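K.L.:
Protein chains: 2
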Amino acid sequence: MRVLGIDPGLTRCGLGVVEGSVGRPLSLVGVGVVRTPADAPLAQRLVAIEQGIEAWLDEHRPDAVAVERVFSQHNVRTVMGTAQASGIALVAAARRGLPVALHTPSEVKAAVSGSGRADKAQVGAMVTRLLRLTETPKPADAADALALAICHIWRGGAQSRIDAALAAAGTGRTRP
Amino acid sequence: MRVLGIDPGLTRCGLGVVEGSVGRPLSLVGVGVVRTPADAPLAQRLVAIEQGIEAWLDEHRPDAVAVERVFSQHNVRTVMGTAQASGIALVAAARRGLPVALHTPSEVKAAVSGSGRADKAQVGAMVTRLLRLTETPKPADAADALALAICHIWRGGAQSRIDAALAAAGTGRTRP
């Protein structure tokens, strides 16, 4: 399965596409970042993020999308923008009928490193190793997006197929 | 000028269209609420909100859109959903090239009632009076959306035209 991981953010929105399945080698399909200028109007920044995500969906045709779940624990201004960007990501995927899953930062860290408390460097190192890259993707948002995609393949793939089936059956009993 | 006010929310997203200009009577064009079921997947709820807003933009063709600025001061779970819904609203408007403005709850209350600390009932009463309605629009989200539109006509109309001109000139020196 091919998964687009999205690490939402207003200034830098990380995007990473990974192909693979449980128990088989993973491969990097694409990785990058959509950047928007801090001095642009908020609505324009969100439109630019939407256009960037749409372009990645068009180009890479993922089977599923994994988005980092946002928590309101840090800087309030940053968190609002991150939440808005994550909403754009969720809608872009769901509009196309793609299964979408949210994974918490701890879930992602645990999936790729074995520890929910791994730091950025550890996550970057594991992404590099798991995808057999010669260097760690930069910036960290790009590496995080790949980690999200890997987490989804290993952890969420089966669940998202169940969710999609349930959604299609109209039960609505899917994870938010 | 015709303004669509949007009070963003996942469970209830208030929508209100008001026509008028500074110093002239205001008139109600339309008011309503997009509701999404709490047990539906988050991405589906956001898509439903987007579809609802798009339908209102199609039907009422506003000259500008005013969205309530979200703060992370209350319940964290609610605020994340509200921020995501506000991102959807901002993008829906900006994608069409419509000027979009954000107004804080205090600005809206002050605009319609003279006090930034007015309660829901006061705001509802003033909206009813200013639009010469026979009863207060329900639920409160619908009345709030109308108050946002009125606030924008009285307070933000000139600013948003300046912003649009600046944005067109590519200076980027506009309010977020």
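Top line first, the protein sequences correspond to chains A and B.
Just so you know, we're using full-length UniProt numbering here: the first sequence kicks off at 1 and counts up by one.
Just so you know, we're using full-length UniProt numbering here: the second sequence kicks off at 1 and counts up by one.
C-beta atoms are modelled at their ideal positions from N, C-alpha and C, and glycine is treated no differently.
Quick caveat: nothing in here was measured; it's all calculated off a predicted structure.
Between which two residues does the alpha helix (DSSP H) harbouring Glu-50(B) extend?
P.N.:
Counting along the chain, the alpha helix (DSSP H) containing Glu-50(B) begins and ends at 42-60.
K.L.:
Below 8 Å on the Cβ atoms is my contact criterion, and I expect Ser-27(B) with Val-33(B) to pass it. Report the Cβ-Cβ distance as a whole number of Å.
P.N.:
The pair is not a contact, with the Cβ atoms about 20 Å apart (cut-off 8 Å).
K.L.:
Using the beta-carbon of each residue, which ones in chain B are nearer than 8 Å to Arg-95(A)?
P.N.:
Residues of chain B passing the Cβ test: Val-47, Glu-50.
K.L.:
Drop a sphere of 10 angstroms on the beta-carbon of Arg-45(B), count the other beta-carbons inside from all chains shown, and report buried for 16 or more, exposed for fewer.
P.N.:
Counting Cβ neighbours within 10 Å, Arg-45(B) comes out buried, since at least 16 surround it.
K.L.:
Taking Pro-37(B) as the reference, give the member of Arg-12(B), Gly-114(B), Arg-69(B), Glu-59(B) with the closest Cα.
P.N.:
Of the listed residues, the one whose Cα sits closest to Pro-37(B) is Arg-12(B).
K.L.:
For a contact meaning CB atoms closer than 9 Å, what does Ser-86(B) contact in chain A?
P.N.:
In chain order: Met-80, Ala-83, Gln-84, Gly-87.
K.L.:
Is any beta-carbon of chain A found at less than 8 Å from that of Val-108(B)?
P.N.:
No, Val-108(B) lies away from the interface with chain A (no Cβ there is under 8 Å from its Cβ).
K.L.:
Closest to Gly-87(B) by CA distance: which of Leu-4(A), Glu-59(A), Ala-48(A) is it?
P.N.:
Residue Ala-48(A) is the option with its Cα nearest to Gly-87(B).
K.L.:
Does any residue of chain A have a CB that is nearer than 8 Å to the CB of residue 195(B)?
P.N.:
Lying before the first or after the last residue shown, residue 195(B) is absent from chain B, which here runs from 1 to 176.
K.L.:
Give a yes or no on whether 8 Å exceeds the smallest Cβ distance from Pro-176(B) to chain A.
P.N.:
Per-residue confidence for Pro-176(B) stands at a pLDDT of 44, beneath the threshold of 50, marking its modelled position as unreliable; no derived number is given.
K.L.:
Would you mind sorting Asp-141(A) into buried or exposed? The rule is 16 or more other CB atoms within 10 Å of its CB.
P.N.:
Classification of Asp-141(A): buried, given that the 10 Å Cβ count is 16 or more.
K.L.:
Is Leu-4(B) close to chain A? Criterion is C-beta to C-beta, closer than 8 Å.
P.N.:
Chain A contact via Cβ: absent.
K.L.:
Against chain A, does residue 254(B) count as a neighbour if the rule is that its beta carbon must be under 8 Å from one of theirs?
P.N.:
Lying outside 1 to 176, the shown extent of chain B, residue 254(B) is not represented and no answer is given.
K.L.:
Under the DSSP definition of a beta bridge, which residues are partnered with Ala-145(B)?
P.N.:
Looking at the DSSP assignment, Ala-145(B) forms no beta bridge with any residue, so it has no partner.
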